[in-house]
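Residue numbers (the working numbering): 16 to 448. Glycine is no exception: its CB is placed at the ideal position from the N, C-alpha and C atoms.
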Ligand code: SF4
């Protein structure tokens, strides 16, 4: 019997569940945050935020100060200007970019990243990027995308960045053999594991997007099959499909089950025999099971509430419910992409409250009424919730840590066990236990 096909929803799931849609005050980072992991991934790219001092502070404090390396992000601060000052702002931007590229010949790809201050909105960054691309083409590509807090939340910055990069991808040769494209930024070590595993199965033509160097952009075409590593890439998928690529529907590679189903979807698309597939992944599944088992006893039966932040909420809730026995009460996400989340929703336990967008005060009321054992939320909400006696997990940690794949499944479970350990230690210190 094929062990892999045993994964099934245990009840009716949440495929048809109603979604509470809220459009009020929200507590979510803007899309500029994506620069932190994108600049580490694409090693010859530079991200020039065109923004205000607030934007500069956000990016700098989220990234920390780079002492030993030349930074690969910066902010061109656009102060308050009237429309007559926009021509000057464009000239200034051209000067800043010219100086930067003269000093840094290692930069092969420059992103002008838009933000939300009104002075920046008046600037047409797309035209600015086209103009600068014309000047510097041959040595540096210049593209633009928006990380503005008005248009994007947190991880949507990566979606906007990758969607802007898609038109640059070369075409595959007509009639070329099918190839697999893994799309979404994951830690290099995780990406290497995925590439190795797919090759071991027999899928030789496999590449990752974004690449580590912008000069190594993968080719795409009608024979390209796209497998998402991250769930927040709706615009990127649409742009890839417009170039002829086809998306493989799958749950996301979190936990043993999620990673198995994710790899299985690709293996099926490439007609890899089941025996070969299982032979390759079984040792990895075994390691994942062992890693997860270490934390199950501590987490099983605990309730969890997700505030919307990273768009990883649904896959993580599915992992915690099915592999660790936790009870998701409410799973909030900034944006629910039904098509990309279809399989995740089916696997999520029936009765889970789903919410999209945010009205933070109302959601806090629901959270306090539900009394969850742990809350996953952004940094701004964590301290007040901790002060009211609720254990929290910062969702940003789940984005910055390598948590995808078999070998990281135990670490992912541990990230949810740690806050309980910390609270117990604090209680012990306070003499409450
Ligand atoms: S883009 Fe907008 S939300 Fe983001 S840091 Fe700048 S001002 Fe703040």
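Opposing strand residues paired with residue i [DSSP bridges]
i	result
residue 262	241
residue 198	224, 243
residue 391	321, 408
residue 91	65
residue 33	Its beta-bridge partners do not exist; DSSP assigns none.
residue 60	124
residue 158	126
residue 370	35, 347
residue 235	186
residue 342	318
Separation of residue j from residue i, as counted between CA atoms
i	j	result
residue 431	residue 352	25 Å
residue 173	residue 330	18 Å
residue 37	residue 368	13 Å
residue 358	residue 294	25 Å
residue 182	residue 239	15 Å
residue 219	residue 245	22 Å
residue 435	residue 48	27 Å
residue 103	residue 208	49 Å
residue 140	residue 67	15 Å
residue 72	residue 160	19 Å
residue 251	residue 409	26 Å
residue 12	residue 30	Because residue 12 is not part of the residues shown, which for the chain are 16 to 448, the question remains open.
residue 355	residue 264	7 Å
residue 167	residue 44	9 Å
residue 206	residue 227	11 Å
residue 217	residue 260	20 Å
residue 449	residue 292	As shown, the chain starts at 16 and ends at 448. That puts residue 449 outside it, with no answer to give.
residue 234	residue 197	12 Å
residue 296	residue 423	14 Å
residue 327	residue 188	35 Å
residue 287	residue 92	52 Å
Buried versus exposed, by CB contacts within 10 Å (16 or more), residue i
i	result
residue 332	buried
residue 306	buried
residue 204	exposed
residue 153	exposed
residue 33	exposed
residue 398	exposed
residue 225	buried
residue 133	exposed
residue 386	exposed
residue 186	exposed
residue 384	exposed
residue 407	buried
residue 162	buried
residue 380	exposed
residue 279	buried
residue 446	exposed
Option in the options with minimal Cα separation from residue i
i	options	result
residue 122	57, 171, 177	57
residue 323	282, 394, 315	394
residue 428	158, 336, 298	336
residue 110	132, 63, 381, 309	63
residue 61	260, 291, 229	229
residue 256	265, 375, 236	236
residue 283	386, 158, 242	242
residue 334	350, 349, 308	308
residue 285	297, 377, 262	262
residue 413	289, 178, 169, 338	169
residue 441	215, 405, 221, 223	405
residue 142	108, 254, 402	108
residue 116	93, 101, 137, 148	148
residue 128	86, 74, 339, 114	74
residue 146	184, 105, 348, 338	105
residue 391	371, 377, 372, 346	346
residue 389	313, 90, 325, 89	313
Cβ shell of residue i (< 7 Å), same chain only, five flanking positions each side left out
i	result
residue 304	271
residue 28	360, 361, 362, 363, 365
residue 444	none
residue 165	131
Own chain, CB closer than 6 Å to residue i, minus 5 neighbours either side, in chain order
i	result
residue 437	none
residue 77	48, 51
residue 268	274, 277, 419, 420
residue 124	60, 156, 229
residue 39	374
Cβ-heavy atom distance, residue i to the ligand HEM, below 7 Å
i	result
residue 73	With respect to the ligand HEM, the structure shown offers nothing to examine, as its ligands consist of the ligand SF4.
Own chain partners of residue i with C-beta closer than 8 Å, once the 5 adjacent residues on each side are dropped
i	result
residue 342	316, 317, 318, 319, 336, 364
residue 426	306, 416, 417, 418
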